[in-house]
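Numbering (our numbering), first residue to last: 1112 to 1280.
All C-beta atoms in this analysis are idealised placements derived from N, C-alpha and C, irrespective of residue type, glycine included.
In what follows, a single structure is set out as structure tokens and then discussed.
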């Protein structure tokens, strides 16, 4: 909610500035999300974490969800903010962000998916890993080779597909 009020204040300030000095075009004022000065702290946070342009962080529902769960510890079989495992995290994310139901386990989620090339991944795609002899880990792709997941070591976090561990799995 703070972001909305701050953004409105910024837009109003630009409108006043435009009226007085004509420094900004109306297109810039009409679409503040395309303007780095109008971006939220959430956009900056995740743009830094996944090495993307700040303005490219547009799925606020997704990034608000990630932010809400950020650093929640991993707990095998866990399904809440006291601890969550990878497949429960993706299940909750898909339900809240995309209004889609997923099965409970990473293996069952994998069995309902269509396999695509890593080069074809887009934000929101599931990424699966074989960490213990079969599909045993899942995350959600964010772009630029990064994905969000509930990691045994770090809890809910963002990792790179290029990290040696995940690249090998």
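- Residue nearest to residue 1237 within the set 1221, 1230, 1245 and 1244 is 1221 (criterion: CA-CA distance).
- For a cut-off of 8 Å, the C-beta gap from residue 1201 to residue 1192 is around 16 Å, too long to register as a contact.
- Using a 10 angstroms sphere on the CB of residue 1158, the tally of other CB atoms reaches 16 or more, which defines it as buried.
- Contact check for residue 1266 against residue 1183 passes: the beta carbons are separated by less than 9 Å.
- For the region 1143-1214, the full-length alpha helix (DSSP H) segments reaching 4 residues or more read 1152-1161, 1171-1180 and 1197-1209 along the chain.
- Just measuring C-alpha positions, the residue of 1161, 1178 and 1164 sitting nearest residue 1153 is 1178.
- In this model, residue 1187 and residue 1181 are separated by some 17 Å (Cα to Cα).
- Counted as a single uninterrupted DSSP element, the beta strand (DSSP E) harbouring residue 1262 occupies residues 1257-1262.
- Boundaries of the alpha helix (DSSP H) harbouring residue 1217: 1217-1222, taken from the DSSP string.
- Straight through space, the alpha carbons of residue 1243 and residue 1172 are spaced by roughly 32 Å.
- Around the beta carbon of residue 1219, fewer than 16 other beta carbons lie within 10 angstroms, which makes this residue exposed.
- When secondary structure is reduced to three states using DSSP, residue 1229 falls in the helix class.
- Apart from sequence neighbours up to five positions away, the residues of its chain that approach residue 1272 with a beta-carbon distance below 6 Å are 1256, ordered along the chain.
- Excluding its 5 nearest sequence neighbours in each direction, residue 1204 has C-beta neighbours in its own chain below 7 Å: 1176 and 1251, listed in chain order.
- If you check the CB distance, residue 1269 and residue 1161 come in under 9 Å.
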